Amino acid sequence: MSPAFLAVVAVILCILFRLLNVNSQPQIPQMFCRDGQFMECFNKIAPMLREPYIPTRLWGFSGHIQTIIHSIIGRVKCPWPLGERVYLALTDGSTLTYDLYQPLINGVEDDITVAICPGIGNSSESVYIRTFVHYAQCHGYRCAVLNHIGVLDSVQVTSGRIFTYGHTDDYSAMINHLLKKYPTTNIVSVGF
1 MSPAFLAVVA
11 VILCILFRLL
21 NVNSQPQIPQ
31 MFCRDGQFME
41 CFNKIAPMLR
51 EPYIPTRLWG
61 FSGHIQTIIH
71 SIIGRVKCPW
81 PLGERVYLAL
91 TDGSTLTYDL
101 YQPLINGVED
111 DITVAICPGI
121 GNSSESVYIR
131 TFVHYAQCHG
141 YRCAVLNHIG
151 VLDSVQVTSG
161 RIFTYGHTDD
171 YSAMINHLLK
181 KYPTTNIVSV
191 GF
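Quick note: the sequence shown uses UniProt numbering, first residue 1, plus one each step.
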């Protein structure tokens, strides 16, 4: 074999190892919360979050690889949770929507709302968000999913802007509206 071919193979292997994150070690997640009682309650409800996450060797270390595999394989039968669409008129003239899903069971002692911010260009109608919401509902959690401005075809863009991750006013407006609607709820933020 020629040295050039071996060099190309070595470079490809290095890129794959880097992309797949194969040499990273599982660690216990770091969680931060201002309210110690809430953190204690959260740890009681979900003790597995205090254990190290040990991903599947082939694709589990890289979110990019997981996304590629899921886009190829996908979910055979994805749930379609039922909820209500909430419309908020913001001060800049834009119309913000979020979908609100109530828990399917009353298994959780406290009133907890999972506030979900989907990835770029996604909404409550995205397959991975629907799957996550259904799972959370089945475990007794209320979910609120921010629909990025400009993503849903059924919602007209009413201002000269669309969603940007550099500006968190849309997410903040959803959180403030949730706190007005459910003043005693504890909010858990989840971002993709």
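For every residue, glycine included, the Cβ atom is placed at its ideal position computed from N, Cα and C.
Computed from a predicted structure; not experimentally measured.
- DSSP bridge partner residues for E84 (one or two, in chain order): Translated into positions along the sequence shown, residue 84 becomes position 84. Paired residue(s): L100.
- Task: Report the option in L90, Q137 and Q66 whose CA atom is closest to the CA atom of D111.
- Result: By one-based count along the sequence shown, residue 111 stands at place 111. It is Q137 whose Cα lies nearest to the Cα of D111.
- Just curious, the alpha helix (DSSP H) that A136 is in, first and last residue? In the sequence shown, the residue the question calls residue 136 occupies position 136. Taken as a continuous stretch (DSSP letters only), the alpha helix (DSSP H) holding A136 covers V127 to C138.
- What three-state label does DSSP hand C14 in the structure shown? For the purposes of this step, residue 14 is identified with residue 14 of the sequence shown, where counting begins at 1. C14: helix per DSSP, three-state reduction.
- Item | Where R50 falls: helix, strand or coil (DSSP) | In the sequence shown, residue 50 corresponds to position 50, counting from 1. Collapsing the DSSP output to three states places R50 in a helix.
- Message: Is it buried or exposed, V114, if we count other Cβ atoms within 10 angstroms and call 16 or more buried?
- Response: For the purposes of this step, residue 114 is taken as the residue at position 114 of the sequence shown. Here V114 is buried: its Cβ has 16 or more other Cβ atoms, across all protein chains shown, within 10 Å.
- Query: How should T97 be labelled, buried or exposed, when 16 other C-beta atoms within 10 angstroms of its C-beta is the threshold for buried?
  - Reply: For the purposes of this step, residue 97 is taken as the residue at position 97 of the sequence shown. With 16 or more other Cβ atoms inside 10 Å of its own Cβ, T97 counts as buried.
- Query: Can you tell me where the beta strand (DSSP E) with S189 in it begins and where it stops?
  - Reply: Within the sequence shown, the letter at position 189 stands for residue 189. Residues N186 to G191.
- Task: To the nearest angstrom, report how far apart V133 and C143 are at their CA atoms.
- Result: Along the sequence shown, read from residue 1 onward, the residue named residue 133 stands at position 133. Along the sequence shown, read from residue 1 onward, the residue named residue 143 stands at position 143. Roughly 6 Å separates the two Cα atoms.
- If we call anything under 8 Å between Cβ atoms a contact, is F32 one with P118? Sequence index remark: in the sequence shown, residue 32 carries index 32 (1-based). Sequence index remark: in the sequence shown, residue 118 carries index 118 (1-based). In this structure, P118 does not lie closer than 8 Å to F32 by Cβ.
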